[in-house]
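In what follows, a single structure is set out as structure tokens and then discussed.
Number of protein chains: 2
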Amino acid sequence: MIRVGVNGYGVIGRRVADAVSAQQDMKLIGVTKVKPDYKARMALEKKYPLYAATESSVKDFAKNSMEVSGTIEDLLKQVDVIVDASPDDVGAKNKEKYVETVGRAIFQGGESPGVAEVSFVAQCNFEKARGAKFIRVVSCNTTALCRALHTIDENFGIERARAVIARRGADPDETSKGPIDAVVLDPAEIPSHHAGDVNTVLPDIKLVSMALKVPTTHMHLHTLIASLRDRSVTENQVIDAFEEATRIMVIEGHSGFKSTAQVIDLAREMGRPRNDLYEAVIWKDSIRIVEGEVHFYMGVHQEAIVVPENVDAIRAIIGKESGKSSISSTNSSLGILK
Amino acid sequence: MIRVGVNGYGVIGRRVADAVSAQQDMKLIGVTKVKPDYKARMALEKKYPLYAATESSVKDFAKNSMEVSGTIEDLLKQVDVIVDASPDDVGAKNKEKYVETVGRAIFQGGESPGVAEVSFVAQCNFEKARGAKFIRVVSCNTTALCRALHTIDENFGIERARAVIARRGADPDETSKGPIDAVVLDPAEIPSHHAGDVNTVLPDIKLVSMALKVPTTHMHLHTLIASLRDRSVTENQVIDAFEEATRIMVIEGHSGFKSTAQVIDLAREMGRPRNDLYEAVIWKDSIRIVEGEVHFYMGVHQEAIVVPENVDAIRAIIGKESGKSSISSTNSSLGILK
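Chain order of the listed sequences is A and B.
When we follow our numbering, the leftmost residue of the first sequence carries the number -13, and every step to the right adds one.
When we follow our numbering, the leftmost residue of the second sequence carries the number -13, and every step to the right adds one.
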């Protein structure tokens, strides 16, 4: 059994804790939190051992009658791998602590690439990450871009690609963030950071990325345009490639998927926990080739898509299992069909 | 004096009526409305002669103590040109009436191109439209695309272009329209209708357009990617071309224009009526050339951008003035700086 700790119990940490608990080869040793809020209460109700993320928060938990099993330091002594799910840039500050104790950690995409030896998307570079001590799971948008572009590149070759990302303004519970009635250039300069981030996983893909922030909470929506090396490729071949790839869900607009809203409604109808969609979602009807350039729309559930990557990254760090085998275990445990 | 009537007093009609009133060579003979609402009241307060758009609405105006000068038929007898600003597809139904009376009409972009002899954007094809009896002013998005692409094509040559349009979901007063929390594919199929519509004005531009609908009310936001024939072009040359073009406003993100919201706020600060922006608005910081492809963001005020085109289309139909002269008169009367 791989003994796993999760440092941080926010959007990603909560989901990774559940996903780790669902693995037959892993044991969730505990999770950490700073504040004694409803999320901490839910962790205790799930019987997840709760650790105070800082010394100073121990008292706060006691005041709120929440039993903690110790502090982050106590948790680190008991685990084989720590998944850092703390806010952006906090992970890097935690690294020293991990180096001195566990020696093996997974960071999220909010950290700069230098925090780890490998930036990771399971179906793109699992073998490269195998046996590394520090792995960075890239952000939600980068994960989706890598899955889709890698699939096209492996099958048909990509000469160059362009991505326009309409980002959700905030997660559903982030009530203090905007925008309410504006499209924000994120940033006004082109390219956005996503292109460079894709290159941390797929160094050979030429990509220009552009990002906007819009007043939605549920998904990012990508518009992709890729020039293909193989100019004879048909739309059906592209559809087949996406249908065959793991962690890509192909849907059709004329089945009722007119927007991101119906996609999330599907996840609810499927009984997915927290309406999570671990797959990059591609609209079949949008796949259109014009003079050697393939165009399509892709939806990305920002809260969920990196969850399977975190699970696979744990196995990559341990180094015993192949990528194919890990992806297969993760998929079946999380209800990912292919 | 060119005697002008405006049939319809909604989003476009109201603005065109004001713009016509501001021209030294035109006289607004009257406007029509179906319903006796606050917009009709405002027309009367502005001393615009009000005509009932249908026979049946005459009574409704009387009931609401609003004095009408007659019906649309009475208006048509007195004008040299009628501007049809009725809802999508209603213009085509009105055409027969115009053929039998005035013989010269301007339609909006919601009509299919076949309604008129020429689809029109003043700085692109004024001379082609000169002397036509029926002119169609293209939609807001198509107008902006034509202004920007024509500028690039004239200066540097366009090999092919791609546009991703994040459309405002509804105008500020359209409270029954959505979306509230979703990105809608508009439609899921690629391309959207905009590419074909651009070709009604600029037949030689190869364009693939893609459109999304987002929960905003104030502006459309375009992301444009154009492959240039002249591969030696620099970003500064593109900026200069946009700076020189009429009805294109170049702004800078680092001056505080982080989103569409600040652009509309600028229009309010400039004292523009109804915060109208007649210009296509291009972010200077976004102009980026990567291996012969120029990328940039452009904002489009959907309610206002076609107003100067309607004024110029009136002069094109009369046929006495050149495009250059008409554009110059329209610009100075509306406060368009260049």
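Built from N, CA and C at the ideal position, the CB exists for glycine as well.
Who are T57(A)'s beta bridge partners in DSSP? A38(A)
Please name the residues in the segment -5 to 6 of chain B whose beta-carbon is closer than 9 Å to at least one beta-carbon of chain A, in chain order. none
Taking 8 Å as the cut-off, decide whether the C-beta atoms of V2(A) and V293(A) are in contact. yes
Compute the Euclidean distance between the alpha carbons of K21(A) and D4(A), then round it to the nearest angstrom. 19 Å
Of the residues E53(A), A130(A) and R274(A), the one placed nearest G95(A), counting alpha carbons only: A130(A)
Could you work out which residues of chain A lie near V170(B), taking near to mean beta carbons separated by less than 7 Å? K244 and S245
Rounded to whole angstroms, what is the Cα-Cα separation between V123(A) and F93(A)? 6 Å
For the beta strand (DSSP E) that contains L14(B), what are its first and last residues? M12 to K19
Which one of S319(B), I322(B), A302(B) and D183(B) has the shortest CA to CA distance from V67(B)? A302(B)
Three or more C-beta pairs closer than 8 Å, one from the segment 159 to 177 of chain A and one from the segment 104 to 113 of chain A: is that the case here? no
According to the neighbour-count rule (16 or more other Cβ atoms, all chains shown, within 10 Å of its Cβ), is H240(B) buried or exposed? exposed
Any idea which residues DSSP pairs E279(B) with across the strands? S213(B) and V276(B)
Strictly below 7 Å CB to CB, what residues from chain A border M196(B)? T209 and H281
Which chain A residues sit within Cβ distance under 8 Å of R274(B)? E175, I176, P177 and V194
Coil, strand or helix - V286(B) by DSSP: strand
Contact residues within the segment 148 to 160 of chain A, judged by C-beta distance below 7 Å to chain B: R148, V150 and A152
Would you report the Cα separation of I237(B) and V249(B), rounded to the nearest angstrom? 9 Å
Continuous beta strand (DSSP E) stretch holding V200(A): start and end: L193 to V200
Indicate whether A78(B) and F120(B) have their beta-carbon atoms separated by less than 8 Å. no
Could you tell me the alpha carbon to alpha carbon distance between E53(B) and L36(B), rounded to whole angstroms? 7 Å
Separation of S218(A) from D167(A), as counted between CA atoms: 43 Å
According to the neighbour-count rule (16 or more other Cβ atoms, all chains shown, within 10 Å of its Cβ), is L323(B) buried or exposed? exposed
Along chain B, in chain order, which residues have C-beta atoms closer than 9 Å to that of G239(A)? L171, P173, A174 and E175
Hey, L214(A) and V280(A) are a contact pair by Cβ (cut 8 Å); roughly how many whole angstroms apart? 6 Å
Give the secondary structure of L207(B) by DSSP, where H, G and I count as helix, E and B as strand, and everything else as coil. strand
Touching by the beta-carbon criterion (3+ pairs, under 8 Å), the segment 132 to 140 of chain B and the segment 154 to 161 of chain B: no
Three-state secondary structure assigned by DSSP to M235(B): strand
Could you please give me the residues that DSSP links to N(-7)(A) through a beta bridge? T18(A) and D70(A)
Could you tell me which residues DSSP pairs with L171(A) in its beta bridges? L198(A)
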